[in-house]
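The structure under discussion appears below in the form of structure tokens.
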Amino acid sequence: MLDEGAILAVAAVLIIVAVSLLAPRVGVAAPILLVVVGLIGSFIPGIPQVAISPE
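Numbering (this note's numbering), first residue to last: 8 to 62.
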């Protein structure tokens, strides 16, 4: 069974691919659309915080 971190990583990759494929159809540059989706995603409650060790 996948743990919560692996599920979150797979979901993030799928969202990045989907937004990158959608960007040309919308007529917006992919990096700009990815930033907007990231900002929207940061306000979703219940998503665990990702802590990256500095080493």
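All residues carry an ideal CB built from backbone N, CA and C; glycine is no exception.
So, for residue i: in the same chain, excluding its five sequence neighbours on each side, which residues have a beta-carbon less than 6 Å away from its beta-carbon?
{"i": "Ala37", "result": "Ser27, Ala30"}
Residues in the same chain with beta-carbon distance under 8 Å from residue i, minus the five sequence neighbours each way, listed in chain order, please.
{"i": "Val33", "result": "Leu40"}
{"i": "Ser49", "result": "none"}
If you check the beta carbons only, do residue i and residue j fall under 9 Å apart?
{"i": "Ile22", "j": "Val44", "result": "yes"}
{"i": "Glu11", "j": "Pro55", "result": "yes"}
{"i": "Leu15", "j": "Val57", "result": "yes"}
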